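Student: Here it is, the structure, as structure tokens.
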Amino acid sequence: MCTIVVGSMGRDAHPAPIAMTTDSEREREPVDSLSTAQRRAIQALIVGTFVVSTAGTAMLPYLLVEHPIALLLTSADMRNIVLLAPRLGPEVLIPLAVVRRIVAMLSTYGFGLLYGRAVLEAAARRFVLAHRLLTWFETVFVRYTAPSLLLWPSYICNTVAGVSRTPLRTFVPWMALGQLGFVLFSLLLGSAATRWTEALTVWLRAHVIEMTVLTVTLVALQQLASHVRRARGVARAQRSQETKEG
């Protein structure tokens, strides 16, 4: 049983971090207990998943037309499952998509475990309302972990699982069941949209080179813009810190 304590908030105060205790010290081990090798393994999984997913998005037209299974292995999000439903049988699509999503959610859990708390505290300084909503959801999640993972198999939910340090023996089975439900639902949508997705695939086949060049360019520009925003954010934080110290 978990006890959640949320600091009080005045009108101009930032939300205080959540303090969480458990009946068993081993239920939610601190991040500091991770070894260097474990941290590096998690970081490698995060980076690898991100790179593969980004590459799949950039090459989507080509992979959809020429290598549908490779597209699914780069990312089993709803878009790809819906697009691939008419081309891959359920006996192929379901197990591959579920395994790929489990890998993605383990990566998301790892991100939440290593960096989620720091991200939430940084967001609290800029987006108070969003932080309050996430704080509320974390409270609900810790109390109803299994139903949350089963009924809302999203990246946000799995990140919160990492932030709240949900034990893997609880996280993995319920997360996997939630991802199976997500894949089955996406497959139903794809089956219902077969007429439109097949027409799109036929059109992309006729324009595969031009559309692939376009998506690669758009993804590259998006990554560049994201890098610039992060660099500016770091620079602002450094200037702010220097001002306080001065």
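In the working numbering, each residue's number is its place in the sequence shown (first place is 1) plus 621.
Glycine residues also receive a C-beta, built at the ideal position from the N, C-alpha and C atoms.
Model, not experiment: these values are computed from the prediction.
Between the alpha carbons of residue 809 and residue 771, how many angstroms are there, rounded?
Tutor: So the alpha carbons of these two residues sit roughly 18 Å apart.
Student: Does the beta-carbon distance from residue 839 to residue 686 come in below 8 Å?
Tutor: No. Outside cutoff.
Student: Exposed or buried, what is residue 774 when buried is set at 16 or more other beta-carbons lying within 10 Å of its beta-carbon?
Tutor: Buried is the call here.
Student: Taking one C-beta from the segment 677 to 685 and one from the segment 783 to 798 each time, how about it: are there three or more such pairs within less than 8 Å?
Tutor: The segment 677 to 685 is not in contact with the segment 783 to 798.
Student: Which residues mark the beginning and the end of the alpha helix (DSSP H) in which residue 683 is found?
Tutor: Run containing residue 683: 681 to 687, per the alpha helix (DSSP H) assignment.
Student: Going residue by residue through the segment 699 to 748, where are the continuous alpha helix (DSSP H) segments of at least 4 residues, counting only ones entirely within it?
Tutor: Counting whole runs of 4 or more residues, the segment 699 to 748 contains the alpha helix (DSSP H) stretches 699 to 705, 711 to 732 and 738 to 747.
Student: What's the C-alpha gap between residue 836 and residue 697?
Tutor: Distance between the alpha carbons of residue 836 and residue 697: 18 Å.
Student: For residue 737, which residues in the same chain have their Cβ closer than 8 Å to its Cβ, ignoring the five residues on either side in sequence?
Tutor: Closer than 8 Å at the Cβ level, and outside the excluded window around residue 737, lie 780, 781, 783 and 784.
Student: Taking the alpha-carbon of residue 665 as reference, which of 761, 819 and 735 has the nearest alpha-carbon?
Tutor: Comparing Cα positions, the closest option is 735.
Student: Is residue 845 buried or exposed, if buried means 16 or more other CB atoms sit within 10 Å of its CB?
Tutor: Result: exposed.
Student: Whole angstroms is fine: what's the gap from residue 691's alpha carbon to residue 758's?
Tutor: When rounded, the distance between both Cα atoms is 35 Å.
Student: In three-state terms, what does DSSP make of residue 769?
Tutor: Here residue 769 sits in helix by DSSP.
Student: Tell me which same chain residues have a C-beta within less than 7 Å of the C-beta of residue 814, skipping the five on either side of it?
Tutor: Same-chain partners within the cutoff: 703.
Student: Taking only the alpha-carbon atoms, compute the straight-line gap between residue 834 and residue 818 and give it to the nearest angstrom.
Tutor: Approximately 21 Å, taken between the alpha carbons.
Student: For a quick check, are the C-beta atoms of residue 800 and residue 726 less than 8 Å apart?
Tutor: Against a cut-off of 8 Å, the Cβ pair of residue 726 and residue 800 comes out as a contact.
Student: Between residue 674 and residue 753, what straight-line distance do the alpha-carbon atoms span, to the nearest angstrom?
Tutor: Those two C-alpha atoms are separated by around 30 Å.
Student: Can you tell me whether DSSP reads residue 788 as helix, strand or coil?
Tutor: Of the three classes helix, strand and coil, the one that applies to residue 788 here is coil, per DSSP.
Student: What residue from 707, 695, 742 and 811 has the CA that sits closest to residue 677's CA?
Tutor: For the residues 707, 695, 742 and 811, the minimum Cα distance to residue 677 belongs to 695.
Student: Please report how far the alpha carbon of residue 806 lies from the alpha carbon of residue 719, in whole angstroms.
Tutor: Each residue's alpha carbon lies about 12 Å from the other.
Student: As a quick exercise: from 742, 812, 832 and 721, pick the residue whose alpha carbon is nearest that of residue 797.
Tutor: Cα-wise, what sits closest to residue 797 is 721.
Student: Compute the distance between the beta-carbons of residue 762 and residue 667, then report whether it is under 8 Å.
Tutor: No. Outside cutoff.
Student: Exposed or buried, residue 662, counting other C-beta atoms within 10 Å across all chains shown (16 or more means buried)?
Tutor: With fewer than 16 Cβ atoms within 10 Å of its Cβ, residue 662 is classed as exposed.
Student: Roughly how far, in whole angstroms, is the beta-carbon of residue 716 from the beta-carbon of residue 811, given that I think they are within contact range, below 8 Å?
Tutor: With 8 Å as the limit, residue 716 and residue 811 do not qualify as a contact, their Cβ atoms being about 16 Å apart.
Student: Exposed or buried, residue 657, counting other C-beta atoms within 10 Å across all chains shown (16 or more means buried)?
Tutor: Under this definition residue 657 is an exposed residue.
Student: How about residue 670 and residue 713: do their beta carbons lie closer than 8 Å?
Tutor: No, the Cβ-Cβ distance between residue 670 and residue 713 is not below 8 Å.
Student: Using three-state DSSP, classify residue 774 as helix, strand or coil.
Tutor: Looking at residue 774 - three-state DSSP - the assignment turns out to be coil, as it is neither helix nor strand.
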